[in-house]
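Here my numbering = 1-based position in the sequence shown + 293. By construction, the Cβ of each residue, glycine as well, lies at the ideal position given by its N, Cα and C atoms. Small disclaimer: the values here were computed from a predicted structure and weren't measured. All remarks here apply to the structure that follows.
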Amino acid sequence: MADGSFEVYVAKENLKFNAAHFIAYPGFRERLHGHNYQVTVRLEGDLGPDGYVIDFGLVKQATKRVCDALDEYTLLPAQSDCLRITVEGESVEAVYEDGSRFVFPATDVMLLPIVHTSAEELARYVAGQVRAELLAVGARPWRRLEVSVAETRGQSATYSE
Ligand code: ZN
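Listed below in structure tokens is the structure:
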């Protein structure tokens, strides 16, 4: 038999989240704005005895849970090198290096363990969450996981591990 490889690809309309963010790095900050982020997942692996690399349903459910956890939040990069982020009581405050100050209800914010809320870093974060969700449901081992996060149609970043 030929030495080929198999990959499953999941790109569904409902694998999306709507979120607010702004890119910030020393010397530059975007204004707060939002995207309807669309997520796609590719998994490469061996064919199991059932003819699957992995059950599509598991991938869709795992990815949907990750998207839902981000939906309708303001995403803040907890490891930012130019934003001072403090959680005080029911509020989250983010102060940029020039003194610009945002205050959000803590319930509306998702503090992510990333440096920038770029599509690239979001793709890496989402990949980690999808990986954890798949492992939690006992998904069969795979070789490579690839996640793309699109800010708008035709503009996406991809992370693979
Ligand atoms: Zn943006």
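Going by beta carbon distance, what residues of the same chain come within less than 7 Å of residue i, once the five residues before and after it are set aside?
{"i": "Y366", "result": "A312, D401, V402, M403"}
{"i": "K357", "result": "N307, L308"}
{"i": "I340", "result": "Before going further, note that residue 340 is Leu rather than Ile in the sequence given. Closer than 7 Å at Cβ, skipping near neighbours: F299, V346."}
{"i": "E383", "result": "P398, A399"}
{"i": "V359", "result": "V419, Q422, V423, E426"}
{"i": "R324", "result": "F315"}
DSSP state of residue i, grouped into three classes?
{"i": "L351", "result": "helix"}
{"i": "L369", "result": "strand"}
{"i": "V303", "result": "strand"}
{"i": "R424", "result": "helix"}
{"i": "A267", "result": "Given that the chain is displayed from residue 294 to residue 454, the structure contains no residue 267 and the question cannot be resolved."}
{"i": "A432", "result": "coil"}
{"i": "L404", "result": "strand"}
{"i": "Y418", "result": "helix"}
{"i": "T356", "result": "helix"}
{"i": "L363", "result": "helix"}
Going by DSSP, which residues form a beta bridge with residue i?
{"i": "P398", "result": "S384"}
{"i": "Q331", "result": "K309, A443"}
{"i": "G338", "result": "F299"}
{"i": "I316", "result": "Its beta-bridge partners do not exist; DSSP assigns none."}
{"i": "R437", "result": "E337"}
{"i": "H326", "result": "H314"}
Which term fits residue i, buried or exposed, when burial requires 16 or more other beta carbons within 10 angstroms of its beta carbon?
{"i": "Q448", "result": "exposed"}
{"i": "F321", "result": "exposed"}
{"i": "Y302", "result": "exposed"}
{"i": "S453", "result": "exposed"}
{"i": "P370", "result": "buried"}
{"i": "G344", "result": "exposed"}
{"i": "S441", "result": "buried"}
{"i": "S373", "result": "buried"}
{"i": "A443", "result": "buried"}
Within the same chain, show all residues whose beta-carbon is closer than 8 Å to that of residue i, passing over the 5 residues directly before and after it, in chain order.
{"i": "Y418", "result": "L405, P406, I407"}
{"i": "S411", "result": "I316, A450"}
{"i": "R460", "result": "Because the chain here runs from 294 to 454, residue 460 falls outside it and cannot be looked at."}
Near residue i, which residues of its chain fall below 6 Å by C-beta distance, leaving aside the five closest residues on each side in sequence?
{"i": "V385", "result": "F397, A399, V402"}
{"i": "A355", "result": "V423, E426, L427"}
Against chain B, does residue i count as a neighbour if the rule is that its beta carbon must be under 8 Å from one of theirs?
{"i": "L368", "result": "Looking for chain B here will not work: only one protein chain is present."}
Can you list the residues near the ligand ZN, meaning Cβ strictly closer than 6 Å to any non-hydrogen atom, in the order they appear in the chain?
H314, H326, H328, E444
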